């Protein structure tokens with residue numbers, strides 16, 4: 405709980421406080437944009453999806469049943485909006501141009517790795533590795549069986565392992581995935 | 100334990116430069132979507148309310164603004180426009196009933212504490228269809244009773260829209276009461292309760308039913324989805340159209356309106372038109388909503404409330420406003436939650452001077468969670 409925004413801000417927004425809803429949108433916006441970008445692979449489409457998600461958040465947050473339900477709900481909204489605007493052949497590599505303060509090669513590597521994955525595998529990889537969610541939490545968000553999440557993670561890992569062979573040795577650590585973490 | 104991929108991935112993703120949040124756009128779109136959703140829910144409600152059940156031998160009916168087709172105990176409805184009035188007050192309700200094309204027998208025999216939440220009618224000038232939505236907490240009732248003029252022109256079934264424009268058929272309870280047809284969605288009122296209402300309607304007259312409905316009507320002007328409406332109603336000891344209750348969301352508009360020197364409009368009445376049907380469902384993407392431009396609180400009253408909000412605006416309160424005249428405004432701050440007591444102020448509308456006003460004995464009993 406509290407991945408997206410401080411619980412007290414969520415609680416205020418749940419009570420129908422419109423100022424709190426504004427604060428909540430401001431709090432979730434960066435994460436929204438970045439999560440959408442990781443799934444869509446297109447910077448401008450990601451901004452569209454993030455804005456759509458925030459409009460839904462602003463409009464519907466007061467109908468949410470509890471603060472504890474917020475994180476999963478927010479993930480679901482962003483993922484759904486991201487899947488709506490997602491295009492095949494998304495220019496993942498161009499995301500590297502929007503990264504600041506990291507090695508461009510490493511950045512390029514990460515986005516290329518995600519680009520190789522089909523959307524379903526990419527989603528679980530992003531949630532598991534980047535958002536540090538457990539496979540149970542991902543199953544809850546995606547509303548799929550736990551076993552399905554584990555299978556997708558294993559498949560994703562296999563695909564990314566295959567990618568290792570095409571890269572320089574220097575990049576191997578970047579793409580190495582801890583099997584036991586699954 | 101996380102892998103290198105996870106660490107690098109997180110690092111790279113966090114390094115993505117995010118533009119400023121387009122808050123104004125999000126807020127504007129959220130409000131627009133909320134309004135549309137409200138229209139959709141209202142029209143969907145009408146769709147359900149007006150579907151007719153078995154036992155009504157009317158054939159097909161057409162209304163200016165609405166069409167109803169009956170077939171085998173089910174009915175389909177198409178409505179292209181209607182007017183909705185939230186929290187109707189006595190005079191408004193009487194005016195609608197008086198203009199109806201048929202002698203309206205309103206539902207009677209409803210339990211004590213019932214309240215009329217909304218009225219839908221079409222056409223606007225001389226309604227031949229009315230849906231009155233009642234609400235009660237104990238026993239729990241939230242039901243719309245649709246009252247139709249049976250003398251309206253029949254429509255050939257051939258005119259039932261075909262293809263994706265064909266409306267869906269839905270089951271309801273329905274019966275004839277005097278010169279009207281009453282329709283209630285199946286299952287929203289307990290069978291025993293519905294039986295009592297039906298019997299009471301058969302035994303009453305239009306005038307008597309209207310008199311019996313008077314206590315169900317709002318005695319104050321309610322703007323927004325207020326939570327303390329019962330208490331505010333009690334504050335307005337006398338029926339008085341100048342008493343207005345604002346919920347916390349409506350309250351926020353006060354400061355802006357005061358700065359512009361504008362009055363607060365009465366947004367309870369909305370006219371929805373141009374409703375089309377696609378895939379058997381109403382399509383609201385091109386529907387037009389027109390809100391009333393009647394003034395709920397004059398500019399001087401808005402300034403008076405703004406002055407109170409500057410003094411006592413931090414609480415999560417509803418605002419109850421009343422203008423007793425002579426350039427004076429009374430403003431009550433009614434806490435939405437928590438143990439805080441209600442507070443009352445007198446405001447000189449000319450100077451904007453706010454004076455805390457001791458609560459009268461009856462008012463002093465208004466506490467969160469308490470009876471008074």
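Residue numbers (our numbering), protein chains in the order written: chain A, 405 to 586; chain B, 100 to 471.
Glycine residues also receive a C-beta, built at the ideal position from the N, C-alpha and C atoms.
Here the structure is a predicted model, which means the values were calculated and not measured.
Over what stretch of residues does the alpha helix (DSSP H) that includes residue i continue unbroken?
| i | result |
| --- | --- |
| residue 481/B | Coverage of chain B is limited to positions 100 through 471, which leaves residue 481/B absent and any answer about it impossible. |
| residue 192/B | 189-198 |
| residue 435/B | Taken as a continuous stretch (DSSP letters only), residue 435/B belongs to no alpha helix (DSSP H), as it is neither H nor E. |
| residue 305/B | 305-312 |
| residue 284/B | It is not in any alpha helix (DSSP H) - residue 284/B instead sits in the beta strand (DSSP E) that spans 279-284. |
| residue 459/A | 447-464 |
| residue 289/B | Taken as a continuous stretch (DSSP letters only), residue 289/B belongs to no alpha helix (DSSP H), as it is neither H nor E. |
Can you name, in chain order, every residue of its own chain whose Cβ lies under 6 Å from the Cβ of residue i, other than the five neighbours on each side?
| i | result |
| --- | --- |
| residue 350/B | 418 |
| residue 372/B | 180 and 387 |
| residue 155/B | Reliability of the predicted coordinates at residue 155/B is poor, the pLDDT of 32 falling under 50, and the value obtained from them is presented with this limitation in mind. Cβ neighbours of residue 155/B beyond the five flanking positions: 273 and 280. |
Considering only residues of the same chain and omitting the five flanking positions on each side of residue i, which have a CB-CB separation below 7 Å?
| i | result |
| --- | --- |
| residue 446/A | 491, 494 and 495 |
| residue 516/A | 496 and 497 |
| residue 317/B | 186, 187 and 188 |
| residue 585/A | Only weak support is given to the placement of residue 585/A: the predicted model assigns it a pLDDT of 41, under 50, and the value that follows is read from those uncertain coordinates. Taken in chain order, the list of residues that qualify is empty. |
So, for residue i: in the same chain, excluding its five sequence neighbours on each side, which residues have a beta-carbon less than 8 Å away from its beta-carbon?
| i | result |
| --- | --- |
| residue 417/A | 424, 425, 427, 428, 465 and 466 |
| residue 295/B | 208 |
| residue 307/B | 207 |
| residue 410/B | 444 and 453 |
Considering just the uninterrupted stretch of the beta strand (DSSP E) at residue i, what are its terminal residues?
| i | result |
| --- | --- |
| residue 539/B | This structure cannot speak to residue 539/B, because chain B is shown only from 100 to 471. |
| residue 319/B | Counting along the chain, residue 319/B falls outside any beta strand (DSSP E), and DSSP gives it neither H nor E. |
| residue 181/B | 180-185 |
| residue 274/B | 271-276 |
| residue 450/B | No beta strand (DSSP E) contains residue 450/B, which DSSP labels as neither H nor E. |
| residue 229/B | 228-235 |
| residue 344/B | 343-345 |
Anything in chain A within Cβ reach of residue i, meaning under 8 Å, just list it in chain order.
| i | result |
| --- | --- |
| residue 472/B | Nothing about residue 472/B can be reported from this structure: the residues present for chain B run from 100 to 471 only. |
| residue 344/B | Correct list: empty, because the minimum Cβ distance to chain A is about 16 Å. |
| residue 124/B | 455 |
| residue 434/B | None at all; the shortest Cβ gap to chain A is about 12 Å. |
| residue 348/B | 420 and 422 |
| residue 409/B | Ordered by position in chain A, no residue passes the 8 Å Cβ test against residue 409/B, which lies about 16 Å from the chain. |
Tell me whether residue i sits in a helix, a strand or coil according to DSSP, three-state version.
| i | result |
| --- | --- |
| residue 213/B | coil |
| residue 426/A | helix |
| residue 471/B | Residue confidence for residue 471/B is low, a pLDDT of 27 falling below 50, so the modelled location carries little weight and cannot support an answer. |
| residue 259/B | coil |
| residue 116/B | coil |
| residue 104/B | helix |
| residue 87/B | Any answer about residue 87/B is impossible in this case: the structure gives chain B only from 100 up to 471. |
| residue 420/A | coil |
| residue 147/B | Residue placement at residue 147/B is flagged as unreliable, the pLDDT there being 48, under the threshold of 50; a coordinate-derived value is accordingly withheld. |
| residue 223/B | coil |
| residue 157/B | Bear in mind that a pLDDT of 37 at residue 157/B, under 50, signals an unreliable position, so the number given afterwards is only what the model happens to contain. Correct three-state label for residue 157/B: coil. |
| residue 218/B | strand |
| residue 264/B | helix |
| residue 469/A | coil |
| residue 440/B | strand |
| residue 364/B | strand |
| residue 445/B | strand |
| residue 407/A | coil |
| residue 563/A | helix |
Under 7 Å Cβ-Cβ, which residues of chain A neighbour residue i?
| i | result |
| --- | --- |
| residue 132/B | 459 and 463 |
| residue 110/B | 506 |
| residue 378/B | Simply none; closest approach about 19 Å. |
| residue 341/B | Residues of chain A passing the Cβ test: none, with the nearest at roughly 27 Å. |
| residue 128/B | 459 |
| residue 120/B | 429, 430 and 433 |
Along chain A, in chain order, which residues have C-beta atoms closer than 9 Å to that of residue i?
| i | result |
| --- | --- |
| residue 405/B | In chain order: nothing, as chain A lies at least about 17 Å away. |
| residue 351/B | 422 and 423 |
Can you pull the chain B neighbours of residue i, defined as C-beta to C-beta under 7 Å?
| i | result |
| --- | --- |
| residue 441/A | 115 |
| residue 514/A | 107, 108 and 111 |
Residue i versus chain B: which residues are under 8 Å apart at the beta carbon?
| i | result |
| --- | --- |
| residue 511/A | 111 and 114 |
| residue 499/A | 115 |
| residue 502/A | 115 and 116 |
Under 8 Å: does the beta carbon of residue i sit that close to some heavy atom of the ligand SAM?
| i | result |
| --- | --- |
| residue 116/B | Only the bare structure without any ligand can be found here, which leaves the ligand SAM out of the picture. |
Any alpha helix (DSSP H) of 4 or more consecutive residues that is wholly inside the segment 473-551 of chain A: 474-489, 508-519, 523-529 and 539-546
Please list the residues of the segment 423-438 of chain A that have a C-beta atom closer than 7 Å to any C-beta atom in chain D, keeping them in chain order. Judged by its chain identifiers, the structure shown contains no chain D, and its protein chains are A and B.
Can you give, in chain order, each stretch of the alpha helix (DSSP H) that sits fully within the segment 387-431 of chain B and has at least 4 residues? As summarised for the segment 387-431 of chain B, the continuous alpha helix (DSSP H) elements at least 4 residues long and confined to that stretch are 398-411, given in chain order.
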